[in-house]
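Enquirer: Its first residue numbered 26, the sequence shown is counted upward by one per residue in the working numbering. C-beta: ideal position from N, C-alpha, C; glycine also. All figures in this text were calculated on a predicted structure; none of them were measured in a lab. Dropping a structure here in structure tokens format, bear with me for questions.
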Amino acid sequence: MKVYYVGSQHLGCYYVRCLIPLQNNGWQGDRISLYGKELESNDKAKAVLDSDVVVFHRPDNRKKLEMARMLKQAGKTIVYDNDDTYKDDPELMWNEIYTKLSKNLDNFIKEADIVTCSTEFLKKEYQQLTDKEILVLPNLVDPDDWDEPIRNGGDKIRIGIVGSTAFNGDYTHIKGLLQELSDDERVQLVLFSLPKIDLKNNPITVKRYEKEYKWWHSLNIEWTPFVEMKDYFDTLNKMELDIMLIPRRDNYFNRCKSNLKFLEASMLEIPVIAQDFTDHNSPYYQDKDYLLLANTEDEWRKQVYKLINDKELRQKQGKCAKIYILEKYNAKTKANQWKYAYKR
Numbered sequence: 026m027k028v029y030y031v032g033s034q035h036l037g038c039y040y041v042r043c044l045i046p047l048q049n050n051g052w053q054g055d056r057i058s059l060y061g062k063e064l065e066s067n068d069k070a071k072a073v074l075d076s077d078v079v080v081f082h083r084p085d086n087r088k089k090l091e092m093a094r095m096l097k098q099a100g101k102t103i104v105y106d107n108d109d110t111y112k113d114d115p116e117l118m119w120n121e122i123y124t125k126l127s128k129n130l131d132n133f134i135k136e137a138d139i140v141t142c143s144t145e146f147l148k149k150e151y152q153q154l155t156d157k158e159i160l161v162l163p164n165l166v167d168p169d170d171w172d173e174p175i176r177n178g179g180d181k182i183r184i185g186i187v188g189s190t191a192f193n194g195d196y197t198h199i200k201g202l203l204q205e206l207s208d209d210e211r212v213q214l215v216l217f218s219l220p221k222i223d224l225k226n227n228p229i230t231v232k233r234y235e236k237e238y239k240w241w242h243s244l245n246i247e248w249t250p251f252v253e254m255k256d257y258f259d260t261l262n263k264m265e266l267d268i269m270l271i272p273r274r275d276n277y278f279n280r281c282k283s284n285l286k287f288l289e290a291s292m293l294e295i296p297v298i299a300q301d302f303t304d305h306n307s308p309y310y311q312d313k314d315y316l317l318l319a320n321t322e323d324e325w326r327k328q329v330y331k332l333i334n335d336k337e338l339r340q341k342q343g344k345c346a347k348i349y350i351l352e353k354y355n356a357k358t359k360a361n362q363w364k365y366a367y368k369r
């Protein structure tokens, strides 16, 4: 079976949902490595026509749907895949754009032969759109992409906030705690999030996140802006984090998310405190034996200081989490799940 992955503008998601399975199954795609260029157009066309299965990750524009229709007429099996949703409550700042993109995804799902996603919660969304079986393929990690963890060589405990948790209101319910940590002489807060402040090349995004930039920079915090995906693993490792916080506000968008940030932290043996929800329907609850969970700010405060005050616990939790991840989410042993899914 020959499988081809059509590229996505979201390279981070393409890496997890496409590059990892294609590299571990010997398949092809618009891009076959984080470190190389995309295939030339002629090479893409030849590879697609030579394939049996064509996978579209988050095909949120009309051109992808038109391409899929032509390939389906040519006898190709069309797969829709996603690890996120564009559906959310109206307060999300990108909601107007997301509503349009979500309609494009809904139309694609109805015509796909196979639908795959990363979580059981996201599966429920797609079950409302199609009678086809929805296959859950959890996100994986590839050990080849991760170096040995770099340990903190300083005196302060380094506590990190990484990725989208720094915006969309995900951190607002623990702002008091973050201010406390900013003032704690034992702690160095570390932010790995938000684009560079570049009004010339990225004015819309910078304007949209104006409040976030202002608030985070009011803290005593060490800030690293987003980097290219090929530099992500090394950059995260060099931060020498002792603890990672993954707060999320409780909404539909976050309930559809996966536990990816926990997987990444665990590969570097960084102990995690992650968001729980009142009904425990959090993407991190399934991993509760290998991380700490918190819902309210008081719960977050209790868990944070539990790890701050116990170095041995931090080290044990990080090491146990890595062992667990390599058993349950290892691409070297689990990537064949994609092969079984596409053969249905």
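How about the stretch 189-205 and the stretch 318-331: do they share at least three Cβ pairs that are nearer than 8 Å?
Expert: yes
Enquirer: Do H82 and S143 have their CB atoms nearer than 8 Å?
Expert: no
Enquirer: With DSSP collapsed to three states, give me the class of H140.
Expert: Residue identity differs from the one stated: residue 140 is Val in this sequence, not His. Correct three-state label for V140: strand.
Enquirer: With DSSP collapsed to three states, give me the class of H314.
Expert: The question names His, but residue 314 is Asp in the sequence shown. Three-state DSSP puts D314 in a helix.
Enquirer: Do R280 and N306 have their CB atoms nearer than 8 Å?
Expert: yes
Enquirer: Assuming N164 contacts L288 (C-beta within less than 8 Å), just tell me the rounded distance between them.
Expert: 6 Å
Enquirer: List the endpoints of the continuous beta strand (DSSP E) containing D106.
Expert: Per DSSP, D106 is one residue of the beta strand (DSSP E) stretching across 102-107.
Enquirer: Assuming M388 is part of the alpha helix (DSSP H), what are its boundary residues?
Expert: Shown here, the chain extends from 26 to 369; a query on residue 388 therefore has no answer.
Enquirer: Note down the Cα distance separating N132 from L316, rounded to an integer number of angstroms.
Expert: 38 Å
Enquirer: Is N262 near D172, with beta carbons less than 8 Å apart?
Expert: yes
Enquirer: Who are the Cβ neighbours of A191 in its own chain at under 8 Å, not counting the five residues just before and after it?
Expert: The beta carbon of A191 lies closer than 8 Å to those of L216, S218, L219, E237, W241 in the same chain, with the five residues before and after it left out.
Enquirer: V28 and S58 - do their beta-carbons sit closer together than 8 Å?
Expert: no
Enquirer: For chain D, check one thing: does any of its Cβ atoms lie closer than 8 Å to the Cβ of K149?
Expert: The displayed structure is made up of one protein chain only, and chain D is not part of it.
Enquirer: So W171 is in the beta strand (DSSP E); what residue range does that whole segment cover?
Expert: Per DSSP, W171 belongs to no beta strand (DSSP E) and is neither H nor E.
Enquirer: Note down the Cα distance separating K112 from D195, rounded to an integer number of angstroms.
Expert: 16 Å
Enquirer: Which residue wins for smallest C-alpha separation from Q98, given the options E322, R274, F302, D138?
Expert: Minimum Cα-Cα distance from Q98 among the listed residues E322, R274, F302, D138 corresponds to D138.
Enquirer: Pick helix, strand or coil for R280, following the three-state DSSP scheme.
Expert: helix
Enquirer: Could you please give the first and the last residue of the uninterrupted beta strand (DSSP E) stretch that includes R183?
Expert: 182-187
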